[in-house]
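Residue numbers (the working numbering): 99 to 392. Yeah, the Cβ is synthetic: ideal placement off N, Cα and C, and Gly gets one too. As the structure is a computational prediction, the values presented were derived from the model and not from experiment.
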């Protein structure tokens, strides 16, 4: 007989709120907004038809029903985590990776085919997402993250550093006579949410260029595609433009570069023992990264 159970993500959120006694704390732990946490708790209370939490001015307390449910949920999640550790240490050809969409499309995809062709026995899953997946519980073996390498509970290895510099299509640069940094004001400066032109000009000591007013793109890969198609000049990130520079789709506007504020890291859970398949992919990935900088 089918059992009626609430959605798993609401139980995980409820466990976090109950343990931390805080909606804000749970939101930070689960990488959600406080509004999303509140919505999930309401959904769980609606499912059971009773109040599970009392929200005060400074903290959150469990009702009697909530305390009963929380103890069961905590035990259940602990058991699932333990079983997951056991299962994932067994020999397997399964490999799952999470990485930012821009990194996937601009750096990983042009190289990944070679690895998969050489290892057709691997059951490979790729998640292109900006979400910080839970490497303990989300059935993900490895993740690529951008930052300074400090993620609690995770082991990170620096994969790629990056620099930032202006790029555009060769035809665009020729059309507007853009040869160096001082010429950038002649073109349209395309923008994204990663690193602004004003900050780049300020740190490079460049003056005399008008405030950028070009189109804004929500993703770095879209920004670079716009530059490739001749829409303007993008502030390129070296890791993401390597292939386009090599193929001639993009060219640098001058030789001025600024070191990025972070780097790309390969991360995994500290509690998980990597399978031979995971280690094989890791070795291949770092081999590709090193090859770019020989």
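Assign residue 268 to one of two classes, buried (16 or more other C-beta atoms within 10 Å of its C-beta) or exposed (fewer than that).
The residue labelled residue 268 in the question sits at position 170 within the chain shown. By the Cβ neighbour-count rule, residue 268 is exposed, with fewer than 16 other Cβ atoms within 10 Å of its own.
Residue 310 to residue 287 span [Cα, whole Å]:
Within the chain shown, the letter at position 212 stands for residue 310. Within the chain shown, the letter at position 189 stands for residue 287. Across the structure, residue 310 and residue 287 are spaced so that their CA atoms are roughly 6 Å apart.
Quick one: Cα of residue 305 to Cα of residue 201, how far?
As a working mapping, residue 305 is identified with position 207 in the chain shown. As a working mapping, residue 201 is identified with position 103 in the chain shown. Taking the straight line joining both Cα atoms gives about 31 Å.
Where do the ends of the beta strand (DSSP E) carrying residue 264 lie?
As a working note, residue 264 is residue 166 in the chain shown. Element bounds for residue 264: 252-266.
Of the listed residues 166, 210, 355, 257, nearest to residue 384 (C-alpha basis):
As a working mapping, residue 384 is identified with position 286 in the chain shown. That would be 257, whose Cα lies nearest to the Cα of residue 384.
Could you tell me whether the Cβ atoms of residue 346 and residue 330 are closer together than 7 Å?
Translated into positions along the chain shown, residue 346 becomes position 248. Translated into positions along the chain shown, residue 330 becomes position 232. A distance of 7 Å or more separates the beta carbons of residue 346 and residue 330.
Can you tell me which residues form a DSSP beta bridge with residue 222?
Counting from 1 along the chain shown, the entry for residue 222 is found at position 124. Paired residue(s): 193.
Rounded to the nearest angstrom, what separates residue 128 and residue 281 at their Cα positions?
Indexing the chain shown from 1 puts residue 128 at position 30. Indexing the chain shown from 1 puts residue 281 at position 183. Their backbone Cα atoms lie some 46 Å apart in a straight line.
Closer than 8 Å by C-beta to residue 83: which residues in its own chain qualify, once you throw out the five before and the five after it? Chain order, please.
The requested residue 83 does not occur in the structure, where the chain is confined to residues 99 to 392.
Do you know how far the Cα of residue 251 is from the Cα of residue 319?
The residue you call residue 319 lines up with position 221 of the chain shown. The residue you call residue 251 lines up with position 153 of the chain shown. If I take the Cα positions, the gap works out to 30 Å.
At 3 residues or longer, what runs of the beta strand (DSSP E) sit wholly inside the stretch 331-365?
332-335, all fully within the stretch 331-365.
Can you confirm whether the stretch 197-215 touches the stretch 169-181 when touching is taken to mean that 3 or more C-beta pairs between the two stretches lie within less than 8 Å?
A contact is defined here as three or more CB-CB pairs under 8 Å, and the stretch 169-181 fails this definition with respect to the stretch 197-215.
To the nearest angstrom, how far is it from the Cα of residue 366 to the Cα of residue 144?
As a working mapping, residue 366 is identified with position 268 in the chain shown. As a working mapping, residue 144 is identified with position 46 in the chain shown. Cα-Cα distance, rounded: 36 Å.
Assuming residue 139 and residue 170 make a contact with CB atoms under 8 Å, what is their CB distance in whole Å?
Residue numbering aside, residue 139 sits at position 41 when the chain shown is read from its first letter. Residue numbering aside, residue 170 sits at position 72 when the chain shown is read from its first letter. Contact flag wrong, Cβ pair sits at about 16 Å.
Judging by CA-CA distance, which residue of 358, 227, 338 is the nearest neighbour of residue 204?
Indexing the chain shown from 1 puts residue 204 at position 106. Checked all of 358, 227, 338; the closest Cα to residue 204 is 338.
In the DSSP assignment, what residue or residues form a beta bridge with residue 286?
Here the question's residue 286 lines up with position 188 in the chain shown. As far as DSSP is concerned, residue 286 takes part in no beta bridge.
Taking just the CA atoms, how far does residue 379 sit from residue 221?
By one-based count along the chain shown, residue 221 stands at place 123. By one-based count along the chain shown, residue 379 stands at place 281. The alpha-carbon atoms of residue 221 and residue 379 are separated by roughly 12 Å.
Just reading off the alpha helix (DSSP H) that residue 110 is part of, what are its end residues?
Numbered from its first residue, the chain shown carries residue 110 at position 12. DSSP places residue 110 in the uninterrupted alpha helix (DSSP H) bounded by 106-118.
Could you check the C-alpha separation between residue 235 and residue 134 for me, to the nearest Å?
Position 137 of the chain shown, counting from 1, holds the residue named residue 235. Position 36 of the chain shown, counting from 1, holds the residue named residue 134. Rounded to the nearest whole angstrom, the CA to CA distance from residue 235 to residue 134 is 19 Å.
Other residues of its chain near residue 195: CB distance less than 6 Å, five sequence neighbours each side excluded
Reading the chain shown from its first residue, position 97 is the one you call residue 195. Shown here for residue 195: same chain residues with a beta carbon closer than 6 Å to its own, the five before and five after excluded, namely 224, 240 in chain order.
I need the DSSP call for residue 367, collapsed to helix, strand or coil.
The count along the chain shown starts at 1 and reaches residue 367 at position 269. Here residue 367 carries a strand assignment [DSSP, helix/strand/coil].
From the DSSP output, which residues share a beta bridge with residue 315?
Against the chain shown, residue 315 aligns to sequence position 217. Its beta-bridge partners are 290.
Closer than 8 Å by C-beta to residue 120: which residues in its own chain qualify, once you throw out the five before and the five after it? Chain order, please.
Within the chain shown, numbered from 1, the residue matching residue 120 stands at position 22. Only 157, 158 meet the Cβ criterion.
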